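Numbering (this note's numbering), first residue to last: 1 to 397.
The following block contains the structure:
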């Protein structure tokens, strides 16, 4: 399409009903829509309409999402004003106004053209920077102050955090002991990254600090679990108190691999039983003493144990049912184990359950505070069981 074709297409552009509302509204207008739907064209038409109604360009603030959109609006407005000027006639030229009384007034559009060159058509960052510069005295900043780009702002934030840590540790600040605890829980660079992230998340991080600064650790962890774990406590409790699940867990727990001469370190089925025993004893799921996030932790560990790193149930059933060569001499116990494992998988349905997988990763995600109970689990990359390492993580935002 040539430039002339583009201009012709723009001239023939017909506004939709919603765009017409934006054009005619007497109030401030925000135009939101997907790419290519005519946002820039609508704003340009509205801008020109305001000029035609006598509004001075200095009184029109236009904010766009991108610098390119701002430049496009400015250019289109310039072109429209230039057209109005070319159509205008002036008595100073001694020409007769053959188009009648509706011909644009040359002097008015000449003044508008000058004003448009300094118009407020910017991205939000550009508009704020301009206002800060023009109102430097009122804002209390130096007129030549520059706005840092994202990279520079990040470097400055890290410098401030680094200096603050050094100062607090050296001067015996009242919270220095808390800071020393953090330096033991995180590496220095890791701690700096977390604190910079909190700075960049203001004011939400400030509200968070006020709410949880003096809270009990378990109360905070419960709140974080509710926020970041994809299965809520009520759903996890309902699944794990299902009669079929309880019966399957009891059945598995009643099997003693070592009494059968099967070492959990040498057989995946025996290791699966060890995992179930750990879940029952450490979370209180079996005797009903589980509280809050215990239900989520138990569900996560059980789902994690019978699935691969891609969250699909092991196609090689020996991964949780054990090897035939070790269990075939104990047919009844092995049959009970296999039936109970199948029941757990059928009811918990881990492939459809948005669990996370990996207690260590969950602990890292929710923060450095450890829960009151310590949970242990087999390493996901254990050389004996050969389980695959998971690389999933949780982000808290």
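Each residue gets a CB set at the ideal place from its N, CA and C atoms; glycine is no exception.
Quantities reported herein were computed from a predicted structural model and do not represent experimental measurements.
I'd like the span of the beta strand (DSSP E) that includes residue 66, first residue to last.
Along the chain shown, read from residue 1 onward, the residue named residue 66 stands at position 66. Note, residue 66: premise wrong, no beta strand (DSSP E); not H, not E.
Under a Cβ-count criterion, where at least 16 other Cβ atoms within 10 Å of its own Cβ denotes burial, should residue 125 be classed as buried or exposed?
Counting from one through the chain shown, the residue named residue 125 turns up at place 125. Residue 125 is exposed by the Cβ-count criterion.
Whether or not the segment 233-250 and the segment 333-349 are in contact is what I'm after, with contact meaning three or more pairs of Cβ atoms, one per stretch, closer than 8 Å; do they touch?
Yes: the two stretches touch, three or more of their Cβ pairs being nearer than 8 Å.
Quick check: the segment 283-296 against the segment 323-338, are there 3 or more CB pairs under 8 Å?
Too few Cβ pairs lie closer than 8 Å, so no.
Within the chosen definition, does the segment 192-204 reach the segment 263-277 through at least 3 CB pairs nearer than 8 Å?
no
So for residue 314, helix, strand or coil by DSSP?
On the chain shown, position 314 is the one that residue 314 refers to. Looking at residue 314 - three-state DSSP - the assignment turns out to be coil, as it is neither helix nor strand.
Using alpha carbons as the reference points, say which of 18, 87, 29, 105 lies closest to residue 54.
For the purposes of this step, residue 54 is taken as the residue at position 54 of the chain shown. Closest by alpha carbon: 105.
Neighbourhood of residue 40 by C-beta, 7 Å cutoff - its chain only, sequence neighbours within 5 removed
Within the chain shown, residue 40 is the residue found at index 40, counting from 1. 69, 72, 73, listed in sequence order.
Give the DSSP-derived three-state secondary structure of residue 343 in the structure shown.
Numbered from its first residue, the chain shown carries residue 343 at position 343. In this structure, residue 343 counts as helix in the three-state DSSP scheme.
Using only CA atoms, which one of 352, 257, 49, 243 lies nearest to residue 328?
Position 328 of the chain shown, counted from the start, is the residue given in the question as residue 328. The residue with the shortest Cα to Cα distance from residue 328 is 257.
CA-CA distance, residue 31 and residue 158?
The residue given as residue 31 occupies position 31 in the chain shown. The residue given as residue 158 occupies position 158 in the chain shown. Answer to the nearest angstrom: the Cα atoms are 37 Å apart.
From residue 110 to residue 85, what distance separates their C-alpha atoms?
Here residue 110 is taken as the residue at index 110 of the chain shown, counted from 1. Here residue 85 is taken as the residue at index 85 of the chain shown, counted from 1. So the alpha carbons of these two residues sit roughly 7 Å apart.
Taking one C-beta from the segment 308-322 and one from the segment 204-224 each time, how about it: are there three or more such pairs within less than 8 Å?
no
DSSP state of residue 320, grouped into three classes?
Taking the first residue of the chain shown as 1, we reach residue 320 at position 320. DSSP places residue 320 in helix when its eight states are reduced to three.
Cβ-Cβ distance between residue 58 and residue 133 below 9 Å:
Residue 58 sits at position 58 when you count from the first residue of the chain shown. Residue 133 sits at position 133 when you count from the first residue of the chain shown. Result no, Cβ atoms of residue 58 and residue 133 do not sit closer than 9 Å.
Neighbour-count burial assignment, residue 299, 16 or more Cβ in a 10 Å radius
Locating residue 299 in the chain shown gives position 299, counting from the first residue. The residue is buried, with at least 16 neighbouring Cβ atoms inside 10 Å.
Based on Cα-Cα distance, which residue from 61, 188, 213 lies nearest to residue 175?
Position 175 of the chain shown, counted from the first residue, corresponds to residue 175. Minimum Cα distance to residue 175 is reached at 213.
Using a Cβ-Cβ cut-off of 6 Å (strictly less than) and excluding sequence neighbours within five positions of residue 330, which residues of its own chain qualify?
Here residue 330 corresponds to residue number 330 of the chain shown, with the count starting at 1. If we look at residue 330 and ignore the five residues flanking it on each side, its Cβ neighbours are 260.
According to DSSP, which residues form a beta bridge with residue 61?
Translated into positions along the chain shown, residue 61 becomes position 61. Looking at the DSSP assignment, residue 61 forms a beta bridge with 120.
Indicate the three-state DSSP secondary structure (helix, strand or coil) for residue 19 in the structure shown.
Your numbering for residue 19 matches position 19 in the chain shown. Reduced to three states, the DSSP call for residue 19 is helix.
Residue 105 (DSSP reduced to helix, strand or coil):
If you number the chain shown from 1, residue 105 lands on position 105. Residue 105 sits in a strand when the DSSP states are folded into three classes.
Any chance you could list the alpha helix (DSSP H) runs of at least 4 consecutive residues sitting entirely within the segment 157-244, in chain order?
176-185, 188-200, 204-212, 217-228, 233-240
Taking buried to mean at least 16 other C-beta atoms within 10 Å of its own C-beta, is residue 210 buried or exposed?
As a working note, residue 210 is residue 210 in the chain shown. By the neighbour-count rule (16 or more Cβ atoms within 10 Å), residue 210 is not buried but exposed.
Using 8 Å as the cut-off, can you tell me whether the segment 268-287 makes contact with the segment 301-311, which would need three or more C-beta pairs spanning the two stretches below that distance?
yes
Report the rounded CA-to-CA distance for residue 63 versus residue 272, giving the unit in angstroms.
If you number the chain shown from 1, residue 63 lands on position 63. If you number the chain shown from 1, residue 272 lands on position 272. Distance between the alpha carbons of residue 63 and residue 272: 60 Å.
Quick check on residue 148: buried or exposed, where buried means 16 or more other Cβ atoms within 10 Å of its Cβ?
One-based indexing of the chain shown puts residue 148 at position 148. Residue 148 should be labelled exposed.
Roughly how many angstroms lie between the CA atoms of residue 373 and residue 144, to the nearest whole one?
On the chain shown, residue 373 is found 373 positions in, with the first residue counted as 1. On the chain shown, residue 144 is found 144 positions in, with the first residue counted as 1. In this prediction, residue 373 scores a pLDDT of 33, lower than 50, which makes its location untrustworthy; no coordinate-derived value is stated.
Simplified DSSP state of residue 55, which is helix, strand or coil
The count along the chain shown starts at 1 and reaches residue 55 at position 55. Residue 55 falls in the coil class under three-state DSSP.
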